[in-house]
Amino acid sequence: MVYTTGELAKMCNVSVRTVQYYDQKGLLKPDSVENNRRYFSDKAKIRLEIINVLKEMDCSLKEIKVLLEEADSIKTLKFLLKQKEESLEIQLAKQQEKLKQIQNLNHVIGQKSEEPLSNVLKFNDISEGMIEMRHFRRNIMISAGFVGIVQYGSIAASIIKHDFKPIGITAPFLLAYAAGVSWIYYKNVSYVCPNCQHTFKPTFTQVMLANHTFKTRKFKCPNCGETHYCVEVLDNENLNELEQL
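Each residue of the sequence shown is one higher than the one before, starting from 1 at the first, in the UniProt record's numbering.
Okay, structure coming up:
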């Protein structure tokens, strides 16, 4: 079949100007020209469909032209796609990191916070503290998992042997572990007020007695005086310096 520029554009879901542009760039050539009207064959239609697919893969017009003209184009396409895959993975990782940072910062800004915009100067360090906090929690949970194995192993041994000695032997270790982890957690963690973004460290007793979720604890902020669930962040010297500005 033979198609006019408009018919070809409509069949391939592109604009007439796009077909004309590809014609000018040498990507798409008419099979015949009559009275300044350009006519395209089924072969040109297939070529335009290929161009559309390659464009969706983020291939540039220059790359597409090379692929269309090369005899061994499928191997070249594989090489190009591999490069684009690696590039997109890098971009995706950056976007995911940026998204996580935005989510972190949104988490430390309360719904009714009216603090000055200058608080954004603290955001990078707060976000880093939240990211490091995730790693810190993960390490704590891994160690707790091993201790849990010891704990339940001693309980199982006591049940099987009908003897409380295994529990008695491990109890001091478990208590020492719990006390040690609690102190390490306290020494390494500070809290960010969602109202004023002030970073502070409560007393050990306050931390142990505070209502809490997995990532927050409820405190009265020493800076603004409001009570909120404050976000846990790993201690950061830069945060402390910013608080003194």
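Just so it is clear, CB atoms sit at the ideal spot from N, CA and C, and this is done for glycine as well.
Here S154 is buried: its Cβ has 16 or more other Cβ atoms, across all protein chains shown, within 10 Å. Taking C-alpha positions only, K94 is separated from E85 by approximately 14 angstroms. In the three-state reduction of the DSSP assignment, K161 falls in the helix class. Annotation: the continuous beta strand (DSSP E) that includes E232 extends over T227 to L234.
E232 counts as buried, since no fewer than 16 other beta carbons sit within 10 angstroms of its beta carbon. Contact annotation: V14 and L48 have beta-carbon atoms nearer than 9 angstroms. For D58, the closest of N36, S87, S73 and V33 by C-alpha to C-alpha distance is S87.
The continuous stretches of alpha helix (DSSP H) do not include E70, and DSSP gives it neither H nor E. The beta carbon of Q101 is closer than 6 angstroms to those of S127 in its chain, skipping five residues each way along the sequence. For the pair N195 and C224, the CB atoms are nearer than the 9 angstroms cut-off. Beta-bridge pairing by DSSP links V189 to L234. With contacts defined by Cβ atoms closer than 9 angstroms, T76 and R38 do not form a contacting pair. In this chain, V14 is not harboured by any beta strand (DSSP E), its DSSP state being neither H nor E. Note: R217 is bridge-paired with H212 and C230 in the DSSP secondary-structure output.
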